[in-house]
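Residue numbering for the sequence shown follows this note's numbering, beginning at 263 and increasing consecutively.
Here the structure is laid out as structure tokens; the discussion comes afterwards.
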Amino acid sequence: MAGDGALFTREDALEAAWAVVDPVLDAHSRVHRYQPGSWGPKQADALIAADGAWHNPVPLKAAK
Numbered sequence: 263m264a265g266d267g268a269l270f271t272r273e274d275a276l277e278a279a280w281a282v283v284d285p286v287l288d289a290h291s292r293v294h295r296y297q298p299g300s301w302g303p304k305q306a307d308a309l310i311a312a313d314g315a316w317h318n319p320v321p322l323k324a325a326k
């Protein structure tokens, strides 16, 4: 790794990345918790409502 600059991000690239990420971190909305394995929080349905509805598929029962 010593002397191989290709293995590391340059300082100007790192600063450019943070210039994109910082405003998002400052303006983000509150995190909504939900049960792992579910289709997400109820608030997600409200987010997509303006563009139509979301149908959460129901998994088929395992054949016995």
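The C-beta atom is built at its ideal place from N, Cα and C for all residues, glycine as well.
Since the model is a prediction, treat every value here as computed from it, not as a measurement.
Reduced DSSP secondary structure (H/G/I, E/B, other) of residue i
i	result
W280	helix
V286	helix
A275	helix
A306	helix
G299	coil
Close-in-space but distant-in-sequence residues of the same chain around residue i (CB under 6 angstroms, 5 per side omitted)
i	result
P303	H294 and Y296
Residue i and residue j closer than 9 angstroms at C-beta
i	j	result
A264	T271	no
W316	I310	yes
Contact set for residue i: own chain, Cβ-Cβ below 8 angstroms, skip 5 residues either direction
i	result
Q305	H294
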